[in-house]
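Heads up: the structure comes next, in structure tokens.
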Amino acid sequence: MVIPPRLLALALAALLAACTRPDAAHPALWQVSGPQGGHGWLFGTIHQLPRKTDWRSATIAQALDQADVLVLEIADIEDQGKTQAAFAALSHSPGLPPLRDRISPKLRPALAKAIATANLDAAEMDGVETWAAALILARSAAQEGDPALGVDRALVKAKPAMPRAEFEGAARQLAIFDQLSEEDQRIMLEDSLRDGGAEATEAQLADAWRKGDMAFIAHETHTGMLGDASLRQALYVGRNQAWAAQIEAMLRSGRHPFVAVGAAHLAGDDGLPAMLAAHGWHVVRVQ
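Using our numbering, read the sequence shown as starting at 5 and increasing by one per residue.
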């Protein structure tokens, strides 16, 4: 059977349209309110995605329209130069032992492979602090997501005139890693080198985010390096506690914040919704 050229062109156009259609998503959103009329929203974001995603529901749009401040982990998330400068200022120290000597001997082949795969200079990596090396190698190994598709950046573009606030900023956020004990930093680095561990892949996390599957995400906050009690307190629980206090201060001052942070920070008993509810706020998941 010979297909007429016009029909073939229409079929190919339909196929291309199907291939480029954004993935549908229904990420988690909570509304927070208090007895004095304060109210705001908690939105779980994802910092990078493998494909374009249609997550802008009517519920999210309405919340953004009613909010008067967009609260992010880093307010100027689009300023990559500022983040890179903060990283460069904190990530190098003189006199460090070779990076391979900072990990278990059994993981040294994995380290050499990771450095080669990322096309990095092994000698230069020796001058990088352990936490920074962990972040560099983890980012280099992450091939499934694109930061340009991150939801934080999309929110900034969607509401460019909305005032912004931040919980940490790039320098303060990186300083949290820089202030970890060397032991904890080495746990981070070793975790970044392990293959086939307990952690979900980026694709699995993106799928859970799209579905609003907070139970799956909550489980992930107990795996990998967050399975270590000290690292979990420093990188997750302690930060959530500080953020919850900042949110409460905003609500009590009469602000109506739209809080958009990594979805993991909203998951489980140590997530922001649970913490705010424990402090007497009325927290309801609305999406």
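Backbone N, C-alpha and C fix where the C-beta goes; we use that ideal spot for every residue, glycine too. Computed from a predicted model, the values in this text were never measured in an experiment.
CB residue i to CB residue j, shorter than 8 Å?
i: Thr-63; j: Val-290; result: yes
i: Leu-94; j: Leu-178; result: yes
i: Asp-182; j: Glu-133; result: yes
i: Ala-4; j: Asp-273; result: With the chain running from 5 to 291 in the structure shown, residue 4 is simply not present.
i: Val-241; j: Phe-171; result: no
i: Leu-255; j: Gly-44; result: yes
i: Leu-270; j: Leu-53; result: no
i: Thr-57; j: Arg-214; result: yes
i: Ile-78; j: Ala-158; result: no
i: Met-192; j: Ala-138; result: yes
i: Val-160; j: Ile-81; result: yes
i: Ala-145; j: Ala-126; result: no
i: Arg-176; j: Val-73; result: no
i: Leu-184; j: Trp-135; result: yes
i: Arg-60; j: Asp-27; result: no
DSSP beta-bridge partners for residue i?
i: Gly-44; result: Val-36
i: His-226; result: Partner(s): none; His-226 has no beta bridge.
i: Val-132; result: His-96
i: Thr-49; result: Gly-266
i: Asp-195; result: Answer by DSSP bridge pairing: none, since Asp-195 is not bridged.
i: Ala-28; result: Asp-58
Can you tell me whether residue i is buried or exposed? The criterion is at least 16 other CB atoms within 10 Å of its CB, across all chains shown.
i: Val-288; result: exposed
i: His-283; result: exposed
i: Ser-196; result: buried
i: Asn-244; result: buried
i: Asp-40; result: First, the residue type needs correcting, since residue 40 is Gln and not Asp in the sequence shown. When all chains shown are included, Gln-40 counts as exposed.
i: Thr-121; result: exposed
i: Pro-164; result: exposed
i: Trp-247; result: buried
i: Glu-224; result: buried
i: Gly-99; result: exposed
i: Gly-200; result: Note that Gly-200 scores a pLDDT of 47, beneath 50, so its modelled location is shaky; the value from the coordinates is reported in the next line. Exposed, because fewer than 16 other Cβ atoms sit within 10 Å of the Cβ of Gly-200.
i: Leu-19; result: Any reading at Leu-19 is ruled out, since the residue's pLDDT is 41, under 50, leaving its predicted position unreliable.
i: Pro-31; result: buried
i: His-286; result: exposed
i: Ala-65; result: exposed
i: Gly-228; result: buried
i: Ala-253; result: exposed
i: Gly-42; result: buried
i: Glu-194; result: buried
i: Ala-29; result: buried
Looking at the unbroken beta strand (DSSP E) that takes in residue i, where does it start and where does it end?
i: His-286; result: 286 to 289
i: Val-263; result: 261 to 266
i: Leu-76; result: 73 to 76
How far does the alpha helix (DSSP H) with residue i in it extend, from its first residue to its last?
i: Glu-170; result: Element bounds for Glu-170: not the alpha helix (DSSP H) but the beta strand (DSSP E), 168 to 170.
i: Val-155; result: 155 to 162
i: Trp-59; result: Trp-59 -> no alpha helix (DSSP H), and no H or E assigned at all.
i: Ala-174; result: 173 to 182
i: Lys-215; result: 206 to 215
i: Arg-112; result: 112 to 121
i: Gly-242; result: 242 to 256
i: Leu-280; result: 276 to 282
i: Leu-235; result: 233 to 236
Touching by the beta-carbon criterion (3+ pairs, under 8 Å), the stretch 259 to 275 and the stretch 35 to 44: yes
If we count Cβ pairs, one from each stretch, closer than 8 Å, do we get three or more for the stretch 205 to 225 versus the stretch 265 to 281? yes
Does the stretch 150 to 160 come close enough to the stretch 109 to 118 that 3 or more CB-CB pairs lie under 8 Å? no
Tell me whether the stretch 98 to 109 and the stretch 67 to 87 touch, counting them as touching only if at least three CB pairs, one residue from each stretch, are closer than 8 Å. no
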